[in-house]
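In this note's numbering, the protein residues as written are 884 to 1103.
Even for Gly, the Cβ is constructed at its ideal location relative to N, Cα and C.
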Ligand SMILES: *Cc1c(COP(=O)(O)O)cnc(C)c1O
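Below, the structure written as structure tokens:
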């Protein structure tokens, strides 16, 4: 079942798009099943789940933190997390740098942008990010690497609106790529698209899709 879902989804993804299997709320056994089917990149949105699952599963898994992250909880995932998709404040970015340094690592980060109409979603505006990237303090962060941007569209059946929101994230990415990140080959990821909208996201330039329920089944 899971292997079939993975196979179908992977078959529909262009080569340049990375699949993050979102395993939040799902038990170890189901993650192992996906692992046995070849999946190596898993996304979780809660620190306690990451901390629980990491030691229980094979060590070559790349763990991605995709949910809102409180600064005080960075410490517990810093030893092993591969990518943090949900950087939504300068304070958080600085804390990730500090904890990465304590672990003698560099942690890949994505800047989360607020592209949805909904007020509940976290994320930066372009102005806020330009200010951070222009600061002296930012240039001193040696243990984080900003590898791209992340966003979530409004939860709506209006495909036009969702496509427009994804397009706005692509435009933000281009502005940063041609601005502060000029010449930085590492800045290349656009994390957007979930089970219901990943095809639309890919049409709008996504390089990383975060798919949960279409792989593991509905969450309760
Ligand atoms: C849960 C979640 C997903 C996956 O959602 P599905 O609809 O199950 O594919 C993607 N991104 C984030 C940030 C999530 O919290």
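Rounded to the nearest angstrom, what separates residue i and residue j at their Cα positions?
i: residue 889; j: residue 1019; result: 44 Å
i: residue 1048; j: residue 1005; result: 15 Å
i: residue 1106; j: residue 979; result: Absent from the model: residue 1106. The displayed extent of the chain is 884 to 1103, so no value can be given.
i: residue 1011; j: residue 991; result: 20 Å
i: residue 1059; j: residue 1023; result: 19 Å
i: residue 900; j: residue 1102; result: 24 Å
i: residue 911; j: residue 1075; result: 25 Å
i: residue 927; j: residue 1055; result: 25 Å
i: residue 1052; j: residue 1033; result: 8 Å
i: residue 989; j: residue 982; result: 10 Å
i: residue 1057; j: residue 1043; result: 21 Å
i: residue 919; j: residue 1082; result: 25 Å
i: residue 1007; j: residue 1039; result: 21 Å
So does residue i have its beta carbon nearer than 7 Å to some heavy atom of ligand 1?
i: residue 1091; result: no
i: residue 1095; result: yes
i: residue 1079; result: yes
i: residue 949; result: yes
i: residue 928; result: yes
i: residue 907; result: yes
i: residue 1035; result: yes
Where does residue i land, buried or exposed, given buried means 16+ other C-beta within 10 angstroms?
i: residue 985; result: exposed
i: residue 987; result: exposed
i: residue 1086; result: exposed
i: residue 931; result: exposed
i: residue 1015; result: buried
i: residue 971; result: buried
i: residue 1090; result: buried
i: residue 936; result: buried
i: residue 1035; result: buried
i: residue 1095; result: buried
i: residue 1031; result: buried
i: residue 1077; result: buried
i: residue 909; result: buried
i: residue 1000; result: exposed
i: residue 942; result: exposed
i: residue 894; result: exposed
i: residue 939; result: exposed
Of the choices the options, whose alpha-carbon is the least far from that of residue i?
i: residue 1093; options: 961, 1022, 967 and 1017; result: 967
i: residue 896; options: 1040, 1080 and 928; result: 1080
i: residue 925; options: 1061, 898 and 963; result: 963
i: residue 1105; options: 1040, 918 and 903; result: Outside the modelled stretch of the chain, which goes from 884 to 1103, sits residue 1105, for which no answer is possible.
i: residue 952; options: 945, 995 and 1068; result: 995
i: residue 969; options: 905, 993, 999 and 892; result: 993
i: residue 948; options: 916, 914, 1088 and 906; result: 906
i: residue 1028; options: 934, 1007 and 977; result: 977
i: residue 929; options: 954, 1046, 1099 and 917; result: 954
i: residue 958; options: 945, 933 and 940; result: 933
Is the Cβ of residue i closer than 8 Å to any Cβ of chain C?
i: residue 887; result: Among the chains in the structure shown there is no chain C, since it carries only a single protein chain.
What are the start and end residues of each continuous beta strand (DSSP E) run of 3 or more residues lying completely inside the segment 958-991, in chain order?
-> 966-970
Fully enclosed by the segment 992-1035, which alpha helix (DSSP H) runs are 4 residues long or longer?
-> 1009-1016 and 1019-1022
Curious, which full-length beta strand (DSSP E) runs of at least 3 residues does the segment 916-949 contain?
-> 924-927 and 945-948
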